[in-house]
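Novice: My questions all concern the structure below.
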Amino acid sequence: MRIAVLLKDRCKPKNCAMECIKFCPRVRAGDETISIGEDGKPVISEELCVGCGICVHKCPFDAIKIISLAEALETDLVHQFGKNGFRLFRLPAPKQRICVGILGPNGIGKTTAIKILAGQLQPNLGEYKNKLSWDDVLEYYAGTELHDHFSSIIHHEMESIVKPQYVDKLPKIMKGTIKEVLKKADNSGSFNVVVEKLGLESLLEKHIEKGTISGGELQLVSIAAVLLKDVDLYLFDEPSSYLDIHQRLKVARIIKELAERKKVMVIEHDLAVLDFLCDNVHLMYGDEGAYGVVTHPRGVRHAINTYLSGYLKEENIRFGEKIEFFAHPPKKRQEMNILVSFDNLTKSFGNFTLEIEKGIIRQGEIIGIVGPNAIGKTTFVKMLAGAVKPTSGKIDYDLKVSYKPQYISPEYTGTVREFFEMSAQQLFTSPLFKAEIFEPFHLKYLLEKQIDTLSGGELQRVAIAHCLVQNADIYLIDEPSAYLDSEQRMVTSRTVRRVIEKSGRSAMVVDHDVYFIDMISDALMVFDGEPGKYGRGSGPFNLHEGMNRFLKDVGITFRRDEDTKRPRVNKPDSYTDRKQRQEGEYYYSL
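Residues in the sequence shown are numbered consecutively from 1, following our numbering.
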């Protein structure tokens, strides 16, 4: 089975010589294998295409994909977005009293799948020209559990609700105080219970549209609005984004409790949260913007290990790079040169006070920074960057600093290429930067895009790359995993490590994804206190001691998976959990 996909956002017929048509051997032989559509962009006939791939290689904007798929998938086509458009094969299946997860890269149809399950999008089974009826869909799924699911949705015997992926767009479509928004959503009579569980009491009088609410607060409000609905099927699209590890586990426990009574499905990129939360997981693989395939469900441990291996044994399909975790021995920090030293620091903002214990940053190491939101982590990074002056204490260094902020706003209005040519020309001229940053982040496909049109994940990759190519002594990177899928997070951690190791410089990384912190860090700074009122930063400690302090504060224990060496959250009150707590070992590095 061969499919031809045109990525219309990349295709720029006014800026090329129509190489796809000019060099196609079938067109030159007289066939209309590629023609010009009504929008002036090429249309590829999959029936006539021989799969030579010449158009793919000749297109100057990499806008064409010709992909050969297993013939068996031809009967599994669920939805297609027009001629040469994205295709989704198969669907995940909700289960009663089981939390079902969906794991896969961005851009391969996870959100489309849950919209179809919720009844918000009717599947066309590939018949994009002729509108099908729901009766056609029911006939296609006859004899399967999805037949009963869609029948219940169509006949209003089942209600569903979707927690949206992009919660930062909520202030544009909602008005009023958070209390008013949540009261309006409440049809279960559980307003007080949900508000208390999620700790939203202090937010109720804030106006959602006034821009005073953080991303984490918007996420919690969005989750609360879903929990306040009394429906049969709950679909959560990336519920951990913007949340710190404390909040992620709190939300995971609430969703897990909900799954004991209702049907629940979750799309999640934080593998530690997915492991803790879900029982079964559907993997999704494919090609971004081209197609996505849903696999049959697996147990959560087997699913995550399969995803990290990048290989489906049952179907003999290699769908990604193998991602490996290593129980690397700690670096001997005392033998490394001192790069930055700082005294006991304080910083006061109105009702908030931050205290940082005396510490040292050494040359050639990456220090992870962990702790709750609103505890002062970003403020500390800004003090090191020189963007914020401490109220007391001093930082002893005279170094060049490159800073990637937590919240990225696309203030530049040109293309990505123009942005890099203006501020980081070495990305294009240095073989090191090209090999170690440009290619792993797939920036080639973003160069002609306007920066203000990039998605969150695309903007994040551009911002991290821009930070790393600067000529600096220390790189301060704030929440680099936000908006990135699981695979992109692993690629980012490896990229940062390679750049730091090869350049001999240092980095500090603030993040909430424990897998990401585990892969990238040599040492750890731990922040605790009372969010919004008081914060205290300690360290840096070696990775084992720092994670032990941090996880004890969070109240969970981690072990390493026997096969992949990845961190795994122990089930609460399990034998391993009780044993590690008794020994005071909340984090095993062996």
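Heads up, the beta-carbon is just placed ideally off N, CA and C, and yes, glycines get one too. Just so it is clear, the structure is predicted and the values come from calculations on it, not from any experiment.
Quick one, are the C-beta atoms of Lys262 and Tyr234 less than 8 Å apart?
Specialist: Between Lys262 and Tyr234, the gap from beta carbon to beta carbon is short of 8 Å.
Novice: Which residue marks the beginning of the beta strand (DSSP E) containing Leu6, and which one marks its end?
Specialist: Arg2 to Leu6
Novice: Using the beta-carbon count (16 or more within 10 Å), is His296 buried or exposed?
Specialist: So His296 counts as exposed.
Novice: Pick helix, strand or coil for Ser152, following the three-state DSSP scheme.
Specialist: helix
Novice: Excluding the 5 residues flanking Ala252 on each side, which residues of the same chain have their C-beta closer than 7 Å to its C-beta?
Specialist: Val273, Phe276 and Leu277
Novice: Among residues of its own chain, excluding the 5 on either side of Arg90, which ones have a beta-carbon nearer than 7 Å to its beta-carbon?
Specialist: Asp76, Val78, Val293 and Val294
Novice: May I ask you to verify whether the region 16-34 touches the region 45-65, counting CB pairs closer than 8 Å and requiring at least 3?
Specialist: yes
Novice: Asn280 bridges to which residues according to DSSP?
Specialist: Beta-bridge analysis with DSSP links Asn280 to Val100 and Gly299.
Novice: Is the separation between the beta-carbon of Met383 and that of Leu345 shorter than 8 Å?
Specialist: yes
Novice: Would you give the residue range spanned by the beta strand (DSSP E) that Asn542 belongs to?
Specialist: Tyr534 to Asn542
Novice: Return the chain-ordered ranges of every alpha helix (DSSP H) run that is complete within the region 401-444 and spans a minimum of 4 residues.
Specialist: List check, alpha helix (DSSP H) in window: 416-423 and 426-429.
Novice: Three or more C-beta pairs closer than 8 Å, one from the region 106-117 and one from the region 234-246: is that the case here?
Specialist: Touching, per the Cβ criterion.
Novice: Assuming Leu117 and Asn124 are in contact, meaning their beta carbons sit under 8 Å apart, how far apart are those beta carbons, in whole angstroms?
Specialist: Their Cβ separation, rounded to whole angstroms, is 15 Å, which puts Leu117 and Asn124 out of contact at 8 Å.
Novice: Rounded to the nearest angstrom, what separates Glu102 and Asp398 at their Cα positions?
Specialist: A quick correction: the sequence has Ile, not Glu, at residue 102. So the two alpha carbons sit approximately 47 Å from each other.
Novice: Return the chain-ordered ranges of every beta strand (DSSP E) run that is complete within the region 205-287 and spans a minimum of 3 residues.
Specialist: 233-237, 263-267 and 280-287
Novice: Roughly how many angstroms separate the alpha carbons of Asp287 and Thr379, rounded to a whole number?
Specialist: 39 Å
Novice: How big is the Cα-Cα spacing for Gln120 and Leu88?
Specialist: 16 Å
Novice: Going residue by residue through the region 28-82, where are the continuous alpha helix (DSSP H) segments of at least 4 residues, counting only ones entirely within it?
Specialist: 54-58
Novice: Can the beta-carbon of Lys389 be found closer than 8 Å to that of Ile477?
Specialist: no
Novice: Just checking my contact of Asn373 with Asp244 at CB under 8 Å: how many whole Å lie between their CB atoms?
Specialist: 4 Å
Novice: What is the C-beta distance between Val526 and Phe516, in whole angstroms, given that I count them as a contact (C-beta under 8 Å)?
Specialist: Between Phe516 and Val526 the Cβ distance is about 16 Å, and since that is not below 8 Å, they are no contact.
Novice: Apart from the five residues on each side of it in sequence, which residues of its chain come closer than 8 Å, Cβ to Cβ, to Glu543?
Specialist: Here the sequence assigns Leu to residue 543, which means Glu is not the residue at that position. Excluding residues within five positions, the ones whose Cβ falls inside 8 Å are Pro330, Gly368, Asp518, Ser521, Asp522, Ala523, Leu524 and Ser589.
Novice: Leaving out five residues on either side along the sequence, give the residues of the same chain with a beta carbon under 6 Å from the beta carbon of Asn548.
Specialist: Tyr586 and Tyr587
Novice: Please confirm whether any heavy atom of the ligand GDP lies closer than 7 Å to the CB of Gly537.
Specialist: In the structure shown, the ligand GDP is absent, as is every other ligand, since no ligand is present at all.
Novice: Assuming the contact rule is C-beta atoms closer than 8 Å, Arg318 and Tyr311 should be a hit. Round their C-beta distance to whole Å, please.
Specialist: 5 Å
Novice: Measuring alpha carbon to alpha carbon, tell me which residue in Lys444, Ile556 and Ser538 is nearest Arg417.
Specialist: Lys444
Novice: In or out: Lys358 buried (at least 16 other Cβ within 10 Å) or exposed?
Specialist: exposed
Novice: Would Gln580 be called buried (16 or more neighbouring beta carbons within 10 Å of its own) or exposed?
Specialist: buried
Novice: So, are the CB atoms of Gly546 and Gly539 less than 8 Å apart?
Specialist: yes
Novice: Measure the CB-CB distance between Phe86 and Gly289 and report whether it falls below 8 Å.
Specialist: yes
Novice: Quick one: which unbroken alpha helix (DSSP H) runs of 4-plus residues sit fully inside the region 99-180? Chain order, please.
Specialist: 110-117, 134-140, 145-154 and 170-173
Novice: Could you tell me the distance, in whole angstroms, from the CA atom of Ile54 to the CA atom of Val27?
Specialist: 12 Å
Novice: When burial is assigned at 16 or more other CB atoms within 10 Å of the CB, is Phe349 buried or exposed?
Specialist: Answer is exposed; the Cβ neighbour count stays below 16.
Novice: What does Lys389 pair with, by DSSP beta-bridge criteria?
Specialist: The partner list for Lys389 (beta bridge, DSSP) is empty, contrary to what the question assumes.
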